[in-house]
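To keep things clear, I will list the structure first and then write my remarks on it.
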Amino acid sequence: MKINQTKLLILGGGPGGYVAALRAAQLGIDTTLVEGLALGGTCLNVGCIPSKALIHVAQEFHVVRQAMLGGNPFGVSAGEALINMARAQEWKQGIVTKLTAGVGGLLKRAGVRVVRGWAQVVDGKTVDVETDAQGRERIACEHLLLATGSEPIELPGLPYGGPVLSSTTALSLAQVPRHLVVVGAGYIGLELGLAWRRLGAEVAIVEASDRILPGYDEELTRPVATALTRAGITLRMGCIAEGLSDENDGVRVRSKLGDEFILPADNVLVAVGRRARTQGYGLEALGLDMESGAVKVDLRCHTSMRDVWAIGDLTGEPMLAHRAMAQGEVVAECIAGHRREFNPRAIPAICFTDPEVVTVGQGPADCAGAGIDYIAAQFPFAANGRALSLCGGEGFVRVIARSDNRLLLGWQAVGPGISELAAAFSYSLEMNATLDDVASILHAHPTLGEAVQESAFRALGRALHI
Ligand code: FAD
Ligand code: NAD
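In the numbering used here, the protein residues as written are 263 to 728.
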């Protein structure tokens with residue numbers, strides 16, 4: 263068998279793996295990247311990007327439909343609203359293709375050797391790849407970086423296939439289902455559930471917990487729950503989906519109180535979380551330390567085996583693309599001999615519903631749990647001119663700061679189109695800003711960002727516009 267040598271061997275070409283490869287190449291490290299499916303990984307092919315493209319199509323259709331139904335307050339009307347799903351899917355796929363081809367081009371230009379095929383780990387320095395083009399190849403390396411990502415969790419009563427969809431198949435439906443049941447009111451269930459509702463499906467969401475987005479505080483998620491109900495989505499909280507009905511045209515659901523009922527469904531989207539991809543490619547052979555089903559790493563993203571590194575979803579929560587990318591950069595720099603750690607003060611998280619939810623850093627419950635004496639202040643978008651002129655006005659920005667020195671600890675916000683505020687929130691936390699710093703910065707008028715400054719004013723007891 264042919265043996266190729268490389269200094270850094272990366273398994274997985276998702277946001278973690280490809281960013282690590284690009285940074286390593288910039289630093290002059292001889293790098294090989296193995297990808298079994300498609301460059302860009304979950305994020306570019308079947309995750310962040312196609313989901314946001316589908317959400318955009320649904321939003322556009324919703325606006326036209328509202329105009330048709332006379333449901334907007336400013337007098338814009340339209341004729342019949344129609345959606346050509348084939349065309350919408352083609353447009354979405356075009357974006358995916360452009361981005362994944364772009365990643366391929368960047369890797370090529372950087373001089374990274376990309377091997378297409380499934381990797382099988384032999385030991386910490388050797389990997390076999392069943393390549394698409396040239397049969398089996400053995401690659402020997404000095405450093406092995408594991409970036410194999412995650413996969414959707416399957417429910418025993420609702421295995422994927424037929425009418426039961428994972429997020430991947432739910433993103434590529436050729437037609438709008440008449441009845442869609444979504445199991446799980448987390449990120450995927452809410453983002454895709456709302457998108458398909460706006461495209462015309464009757465949607466019911468079944469969630470085991472008592473409320474949607476149980477990982478966020480309730481005040482923050484209440485406007486989302488209200489919007490979902492207003493959109494005509496049925497929310498079945500405190501319920502478990504047990505399987506398909508006998509005729510395969512519905513989902514059997516059991517509530518915590520023991521009631522059983524059937525929800526009609528042409529399709530069922532199971533979105534109950536993702537698990538690190540740790541099986542099927544020989545990872546077990548390394549005997550790495552694990553934590554909650556994911557590969558355990560230290561602050562440098564180094565595993566328990568010398569010169570074996572791991573990043574991204576494979577290393578557990580939070581499973582977010584920007585975390586994977588940042589970890590990839592850290593590993594490349596560590597291998598180049600730099601002193602680096604992945605130790606951010608805050609990892610932003612956004613749920614792209616309408617309204618959107620943004621959280622960065624600590625919330626009230628985190629502070630209370632840690633015994634920190636904190637100030638929390640909220641500024642409602644109802645008092646923000648830009649929000650009102652965008653037909654918004656719902657939601658708020660909340661700032662959290664230490665009481666003693668007013669150091670910022672966290673931001674939470676909910677409102678239409680506010681995802682871009684995540685950058686301002688992250689900068690302020692990473693730069694150790696205080697309430698006084700944010701209050702003293704000019705925020706352009708009229709923008710949603712003024713709510714950021716106003717929440718700081720309010721926390722300092724000198725709110726101007728409320
Ligand atoms: P992945 O992107 O999963 O990449 C791993 C790659 O490794 C894959 O391409 C896989 O084919 C390859 N691979 C695995 N095993 C092997 C092997 N043995 N040999 C060769 N190749 C292998 N995150 C956000 O931050 N924002 C969002 O808006 C967002 N939306 C999402 C929407 C959906 C529907 C989903 C499913 C996820 C979303 N995520 C989002 C999460 C995000 O996609 C992941 O956190 C991110 O892709 C993780 O990157 P990664 O590099 O760790 O793994
Ligand atoms: P999730 O963890 O966000 O939500 C899963 C939900 O399913 C939870 O509310 C949980 O209580 C519920 N649940 C679990 N078992 C259940 C059962 N048997 N019956 C009913 N409900 C059940 O998971 P997800 O939505 O599948 O997303 C997976 C991951 O993908 C996320 O954790 C996130 O890291 C990533 N993601 C991020 C974004 C984003 O950043 N905007 C978008 C999509 C996905």
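Glycine included, each C-beta is placed from N, C-alpha and C at the ideal position.
Does the stretch 616–626 touch the stretch 701–714, meaning 3 or more C-beta pairs lie closer than 8 angstroms? no
If you scan the stretch 501–548 from start to end, which runs of the beta strand (DSSP E) of 3 or more residues do you find wholly inside it? 501–506, 512–517, 522–526, 529–532, 536–538
Run through the stretch 396–456 for me and flag every whole alpha helix (DSSP H) of 4 or more residues, listed as ranges in chain order. 429–432
Hey, would you say the C-beta of Leu582 is under 6 angstroms away from at least one heavy atom of the ligand FAD? yes
Please tell me whether, using a cut-off of 6 angstroms, the distance from the CB of Val296 to the nearest non-hydrogen atom of the ligand FAD is below it. yes
Using a 10 Å radius around the Cβ and a threshold of 16 neighbouring Cβ atoms, would you call Glu352 buried or exposed? exposed
Three or more beta-carbon pairs under 8 angstroms between the stretch 346–360 and the stretch 474–486, yes or no? no
Would the stretch 436–455 count as touching the stretch 560–575 if we require 3 or more Cβ pairs under 8 angstroms? no
Backbone CA spacing between Ala244 and Val530 [nearest angstrom]: For the chain, the structure presents residues 263 to 728; residue 244 sits outside this window and is missing.
According to DSSP, simplified to helix, strand and coil, what is Ala556? strand
In chain order, what residues of the same chain have a beta carbon less than 7 angstroms from the beta carbon of Lys314, not counting five sequence neighbours either side? Phe614
What I want to know is whether the C-beta of Tyr543 ends up closer than 6 angstroms to one or more non-hydrogen atoms of the ligand FAD. yes
For Phe523, count neighbouring Cβ atoms within 10 angstroms of its own Cβ and tell me buried if that reaches 16, exposed if not. exposed
How should Lys454 be labelled, buried or exposed, when 16 other C-beta atoms within 10 angstroms of its C-beta is the threshold for buried? In the sequence as presented, Lys is not what sits at residue 454; that position holds Leu. Answer is buried; the Cβ neighbour count reaches 16.
Closer than 6 angstroms: Cys403 CB and nearest the ligand FAD heavy atom: no
State the Cα-Cα distance for the pair Cys629 and Gly302, rounded to the nearest angstrom. 36 angstroms
Under 6 angstroms: does the beta carbon of Arg514 sit that close to some heavy atom of the ligand NAD? no
Starting from the Cα of Leu791, find the closest Cα among Phe323, Leu407, Val319, Leu331 and give me that residue. Shown here, the chain extends from 263 to 728; a query on residue 791 therefore has no answer.
If you count every other CB in all the chains shown that lies within 10 Å of the CB of His405, and 16 or more means buried, which is it? buried
Would you check whether the ligand SAM has a heavy atom nearer than 6 angstroms to the C-beta of Ile450? The model depicted lacks the ligand SAM and carries the ligand FAD and the ligand NAD instead.
Does the distance from the C-beta atom of Asp394 to that of Gly373 stay below 7 angstroms? no
Between the C-alpha atoms of Met587 and Glu553, what's the straight-line distance to the nearest angstrom? 21 angstroms
Can you confirm whether the stretch 583–599 touches the stretch 623–641 when touching is taken to mean that 3 or more C-beta pairs between the two stretches lie within less than 8 angstroms? no
Roughly how many angstroms separate the alpha carbons of Asn307 and Ala300, rounded to a whole number? 7 angstroms
Which residues share a DSSP beta bridge with Cys613? Val619
Would you report the Cα separation of Gly647 and Thr709, rounded to the nearest angstrom? 8 angstroms
Taking the beta carbon of Val296 as the centre, do at least 16 other beta carbons fall within 10 Å, making it buried, or is it exposed? buried
Check Leu301 in the structure and name its three-state DSSP category. coil
Any heavy atom of the ligand NAD closer than 6 angstroms to the CB of Ala533? yes
With H, G and I counted as helix, E and B as strand and the rest as coil, what does DSSP make of Leu650? helix
How many angstroms separate the CA atom of Phe687 from the CA atom of Gly423? 41 angstroms
Please state whether DSSP places Ile662 in a helix, a strand or coil. strand
For Asn266, list the residues DSSP reports as bridge partners. Ile401
Whole angstroms is fine: what's the gap from Ala470's alpha carbon to Leu519's? 12 angstroms
Give the single residue among Leu670, Gly397, Ser665 whose Cα lies nearest to the Cα of Gly623. Leu670
Using the C-alpha atoms, what's the distance from Leu289 back to Val365? 18 angstroms
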